[in-house]
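Visitor: Shown below is the structure under consideration.
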Amino acid sequence: MAAKESPTVEINPFKRILKMPGALCGGISTGSDKIRSGYGNGDCLFFDFEHLVFAVADGTERFPWASRDLLQRLAERLSRSGSPETARDWKDMMNNEIYAGQKYQHKTTFSAVSLRREKEAVTLIIANGGDSVVTVMDGLTAKIRRQTGRNMEFAGRSREIVEVMEHRVSDQNVRVLLSTDGFDDVWRFCLRRSLVGSAREVLERVGLDGISEEIFGILEGQRGRFEYDDVGFILLDPNVVKRVKGKALIMGGTRPFEEECYRQQYTPQVYDRWIPDAQWDEQEEMLAGAGIRVLKAGPC
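In terms of the working numbering, the sequence shown opens at residue 178 and continues consecutively.
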């Protein structure tokens, strides 16, 4: 009997996007004014394929690395003790260990989803603080089924996160989008210019794991035609995304000098290629130059 193949997760360091074919994609792009002004990229993404926890954070212009600090602390906690099983335990973890360690001046949003697989359903534990958003939608109609509200519970400014909930889904068409406010800038521009059609048409035409490349192509093709903030998002199918032992990473939350090095050195001729997860460790330094930090996931 042939050995069962493990799922593959791939990273494109030039485009700063990630995908698990048929299951998940995500990426970051630096805002138009941030590029002109030489700022860092405050949007940061967290992918923990061992514990099936995914998160986005959006730091301020002054301290863009605040988002990465927050997600790094979450990663270390999950590596030590695994993912909490209930919304109450998630809230306690966030308030006592993650939010509590954030400096006041290091304000950042936080939005996360943890997947808990059951026999005939998936329970989503959703946490949200600030103006980033978690959206649960129908993957066929793009109809929103549940969406977090924007609030003032920013990490650093608030000592606790309030919006933590469980949402059980049994429909195979459910998709989950975690996004920062810059994603909204791009989507509104696309709708005004009729660049991509409706959300339903995009999902039909492009497919789930191609959305990150679609967004990257739009930003490159429309460069200089509209203003947008840093763009960070993760789109996933909670029924299909696979557990990959020992694989986790943080993407973004870069300082100005990191962004400058990336823009000067990362040319498409050399870096526009896909790096499978089996090669992440040996390509760790190259990924780090794009603001992508490979982590060591711990126990489940």
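We put the CB at the ideal spot given by N, CA and C, even for glycine.
#1: When burial is assigned at 16 or more other CB atoms within 10 Å of the CB, is N189 buried or exposed?
#2: Verify the contact flag: V351, CB atom, against every heavy atom of the ligand GTP, threshold strictly below 8 angstroms.
#3: Short of 6 angstroms in beta carbon distance, which residues of its chain neighbour Y448, apart from the five on each side in sequence? Order them along the chain.
#4: Enumerate, from N- to C-terminal direction, the unbroken beta strand (DSSP E) stretches of 3 or more residues contained entirely within the stretch 207-293.
#5: Label A179 either buried or exposed according to how many other C-beta atoms from any shown protein chain fall within 10 Å of its C-beta, with 16 as the threshold for buried.
#6: Three or more beta-carbon pairs under 8 angstroms between the stretch 233-247 and the stretch 344-363, yes or no?
#7: Tell me the rounded alpha-carbon separation between G468 and I275.
#8: Starting from L354, follow the beta strand (DSSP E) in both directions and report where the run begins and ends.
#9: Below 8 angstroms, can you find three or more Cβ-Cβ pairs linking the stretch 216-224 to the stretch 237-254?
#10: Are the beta-carbon atoms of R370 and Q399 separated by less than 9 angstroms?
#11: Could you tell me the distance, in whole angstroms, from the CA atom of E227 to the CA atom of S375?
#12: In angstroms, rounded to a whole number, what distance separates the CA positions of R323 and A289?
#13: Closer than 8 angstroms is the cut-off here; do at least three beta carbon pairs connect the stretch 340-352 with the stretch 407-419?
#14: If we count the other Cβ atoms within 10 Å of its Cβ and call it buried at 16 or more, is G384 buried or exposed?
#15: By the DSSP assignment, the beta strand (DSSP E) with R345 in it spans what residues?
#16: Tell me L472's beta-bridge partners as DSSP assigns them.
#17: Put R323 into one of helix, strand or coil per three-state DSSP.
Guide: By the coordinates alone:
#1: For the purposes of this step, residue 189 is identified with residue 12 of the sequence shown, where counting begins at 1. Label assigned to N189: buried.
#2: Summarising the ligand content, the structure contains no ligands, and the ligand GTP is consequently not present.
#3: Taking the first residue of the sequence shown as position 1, residue 448 is located at position 271. The answer, listed in chain order, is P190, F191.
#4: Counting only runs of 3 or more, we get 218-225, 230-235.
#5: In the sequence shown, residue 179 corresponds to position 2, counting from 1. Summary for A179: the model assigns pLDDT 43, below 50, so the residue's position carries little reliability, and this model does not support an answer.
#6: Touching, per the Cβ criterion.
#7: In the sequence shown, the residue the question calls residue 468 occupies position 291. In the sequence shown, the residue the question calls residue 275 occupies position 98. Taking the straight line from one Cα to the other gives about 22 angstroms.
#8: Locating residue 354 in the sequence shown gives position 177, counting from the first residue. It spans 351-356 - the beta strand (DSSP E) in which L354 sits, taken as one unbroken run.
#9: Yes, the stretch 216-224 touches the stretch 237-254.
#10: For this step, residue 370 is matched to residue 193 along the sequence shown. For this step, residue 399 is matched to residue 222 along the sequence shown. R370 places its beta carbon less than 9 angstroms from that of Q399.
#11: Here residue 227 corresponds to residue number 50 of the sequence shown, with the count starting at 1. Here residue 375 corresponds to residue number 198 of the sequence shown, with the count starting at 1. Cα to Cα, the separation comes out at about 33 angstroms.
#12: Along the sequence shown, read from residue 1 onward, the residue named residue 323 stands at position 146. Along the sequence shown, read from residue 1 onward, the residue named residue 289 stands at position 112. Across the structure, R323 and A289 are spaced so that their CA atoms are roughly 14 angstroms apart.
#13: Enough Cβ pairs lie closer than 8 angstroms, so yes.
#14: As a first step, residue 384 is located in the sequence shown; it is residue number 207 there, counting from the start. Counting the other Cβ atoms within 10 Å of the Cβ of G384 gives fewer than 16, which makes it exposed.
#15: As a first step, residue 345 is located in the sequence shown; it is residue number 168 there, counting from the start. 340-346 is the span of the beta strand (DSSP E), which, as asked, contains R345.
#16: Translated into the one-based positions of the sequence shown, residue 472 becomes position 295. L472 is bridged to A425.
#17: Here residue 323 is taken as the residue at index 146 of the sequence shown, counted from 1. Looking at R323 - three-state DSSP - the assignment turns out to be strand.
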